Amino acid sequence: ARLSKMRDILNLRRTLETPEAYWDRPELEGLYERIVRELELLARKDALNTKLDYVHELVMVRRGQVADSYSVRLEQIVILLICVCCGFQFHKVWQHARRPRVDGSHTT
Numbered sequence: 075a076r077l078s079k080m081r082d083i084l085n086l087r088r089t090l091e092t093p094e095a096y097w098d099r100p101e102l103e104g105l106y107e108r109i110v111r112e113l114e115l116l117a118r119k120d121a122l123n124t125k126l127d128y129v130h131e132l133v134m135v136r137r138g139q140v141a142d143s144y145s146v147r148l149e150q151i152v153i154l155l156i157c158v159c160c161g162f163q164f165h166k167v168w169q170h171a172r173r174p175r176v177d178g179s180h181t182t
């Protein structure tokens, strides 16, 4: 959300357009345009946009890694629970097999 807000501020809020306040005063409008050129604000804006694109890509990759890590953790928990269940079942069968038979008949 912060990244999108920063991009909005940079690109959508009349960035580097001559503000309306300068339209009525040509000497200030010219000064504003000269400052924009001298400080290379257009190039700086483009560079900042490139950096924001890069940061956005990194955030998306990291978000995917976190989601994958979460999925792997859930899978490990499910496998552990299945193993525990199998262990209890094995113990139950083993206990049943060790129990002495009273009348000699087969019980299953």
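Quick note on our numbering: the sequence shown kicks off at 75 and runs consecutively. All C-beta atoms, glycine included, are put in the ideal place defined by N, C-alpha and C. Remember, it's a predicted structure, so these values are computed and weren't measured experimentally.
Would you report the Cα separation of N123 and G104, rounded to the nearest angstrom?
Roughly 26 Å separates the two Cα atoms.
If you draw a straight line from the alpha carbon of H170 to that of L154, how long is it in whole angstroms?
Approximately 24 Å between the Cα atoms of the pair.
Taking the continuous alpha helix (DSSP H) assigned at R118, which residues delimit it?
Per DSSP, R118 belongs to the alpha helix (DSSP H) from 115-172.
By Cβ distance, which residues of its chain are closer than 6 Å to L126, with the 5 residues on each side in sequence left out?
Only R81 meet the Cβ criterion.
Run through DSSP, which three-state label would M98 get?
According to the sequence shown, residue 98 is Asp rather than Met. Of the three classes helix, strand and coil, the one that applies to D98 here is coil, per DSSP.
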